[in-house]
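Residue numbers (the working numbering): 601 to 1043.
Here it is in structure tokens:
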């Protein structure tokens, strides 16, 4: 079976490379000519552990191809995955122009049966619009050609996307066609040999599952951040709270870590889109509105702790940010707390030094020369008045704290991910502040 993937962003490229890895003949399509030329050379435009090896192997095996033109390859394939972007509009709703453009392109060029599978995260009701857009183009051509539309939301974690795709805990497919169902079963058969299921639903439910899943995870994060802030006021430790409630099998331990708020390409966008979908249908999702408000407030938490520590006088202070990406193992800075912190500290007149293992180029693209870019952790900490741990990269977990004491102007840490041992740092004489815990030492 030959497959086309439209869109070579994060979802599209991971999907295409993984499908080719199990033997399918896959062509990834993108209108960005520079990106396609990179991919033909085995160079990836995204950072994702393991993807370069998959690219090189499957290109060399002749299973993975790249093109700028969907029209030129459409009649060589049976299944087309649409993995184009759905950026938020100004009102928070998902912008579907790219999704509908793919449907129109298929309708303008198909000559035999096609299954168009929406892989992008889209609101409930999008499949109907996709079907209508495709059918409209066929009608213009005076053609009567069979086609199906399906929804196949992705559940990939940046930094672990290859493993998530190759060993999924579940695969969700929404379809109203037995023919489409049979094709999707064939495509995903190599991925469910570990007994994890393909869950077939109606299309609207599949579209909703993706949003509901991300909204639930975002809710857990904001809930724990709210609890963490209360813990500080009453003298409790959020890490002990997490252990206490996470051991309850009804709750579980995942996504109960307090921090500086969620970011990235999924949670912020999907929460906004789900809120907007509800509003458009005359219903207010009050819990999710609170989740969003808590998260936006939490992104500033380290700034407020730092400002309080210095009694509101941050002008001229040198502040180090360790970690820029919204999470480890990615260079993605979309909606990253680091961007909020940089903006706040710049307004206060701080000198800002930054270091991230992979997101430095992305940071420069976003903030330019407003910060000093450092080559490693210790050059970033040298002569600094405070360290803000923003992203919990593994290399930050093993910082030589005695060396830190020697090179910083003042050994003070604001730990936005609660990765350090407060007792150990207290014994070393390092002033330590975390999220939702009892701070050590006083200024």
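Here a beta-carbon is modelled for each residue, glycine too, at the ideal position from N, C-alpha and C.
Enclosing alpha helix (DSSP H) for residue i [first to last residue]
i            : result
residue 818  : 803-834
residue 1032 : Segment 1031-1033 is the beta strand (DSSP E) holding residue 1032; no alpha helix (DSSP H) there.
residue 765  : 761-766
residue 696  : It is not in any alpha helix (DSSP H) - residue 696 carries neither H nor E in the DSSP assignment.
residue 996  : 994-997
residue 843  : 838-846
residue 1005 : 1001-1007
residue 895  : 886-898
Supposed contact pair residue j and residue i - C-beta distance, whole angstroms, cut 8 Å
i            : j           : result
residue 927  : residue 991 : 7 Å
residue 859  : residue 934 : About 17 Å; that fails the 8 Å criterion.
residue 615  : residue 703 : Rounded, the Cβ-Cβ distance is 18 Å, inconsistent with contact.
residue 1012 : residue 986 : 5 Å
residue 691  : residue 876 : 6 Å
Span of the beta strand (DSSP E) around residue i
i           : result
residue 627 : 625-629
residue 774 : 771-774
residue 604 : 602-606
residue 714 : 714-718
residue 751 : 747-751
Three-state secondary structure (DSSP) of residue i
i            : result
residue 674  : helix
residue 863  : coil
residue 874  : helix
residue 683  : coil
residue 736  : helix
residue 855  : coil
residue 987  : strand
residue 730  : helix
residue 906  : helix
residue 1013 : strand
residue 793  : coil
residue 664  : strand
residue 868  : helix
residue 706  : helix
residue 724  : coil
residue 1019 : coil
residue 1041 : With a pLDDT of only 47 at residue 1041, under the threshold of 50, the placement of this residue in the model should not be trusted; the figure read from the coordinates follows. Correct three-state label for residue 1041: coil.
residue 798  : strand
residue 651  : helix
Contact set for residue i: own chain, Cβ-Cβ below 8 Å, skip 5 residues either direction
i           : result
residue 786 : 601
residue 697 : none
residue 759 : 648, 649, 927, 928, 929 and 930
residue 666 : 608, 627, 628, 629, 630, 636, 639 and 640
residue 678 : 601, 602, 603, 713, 714, 715 and 783
residue 996 : 922, 923, 977, 989 and 1019
Same chain, Cβ closer than 6 Å to residue i, five either side skipped, listed in chain order
i           : result
residue 948 : 914
residue 958 : 647 and 931
residue 734 : 703, 706 and 707
Nonlocal neighbours in the same chain, by C-beta distance under 7 Å from residue i, ignoring five residues either side
i            : result
residue 941  : 902, 903, 921, 988 and 990
residue 658  : 617, 620, 621 and 664
residue 896  : none
residue 769  : 796
residue 982  : 1007
residue 1076 : Any question about residue 1076 goes unanswered here, given that the chain covers just 601 to 1043.
residue 699  : 682, 684, 686, 718, 720, 722, 726 and 730
Cβ-heavy atom distance, residue i to the ligand ATP, below 8 Å
i           : result
residue 676 : By its list of ligands, the structure shown contains no ligand whatsoever, and the ligand ATP lies outside what it can speak to.
* Any alpha helix (DSSP H) of 4 or more consecutive residues that is wholly inside the stretch 914-982 -> 937-947, 960-967 and 977-981
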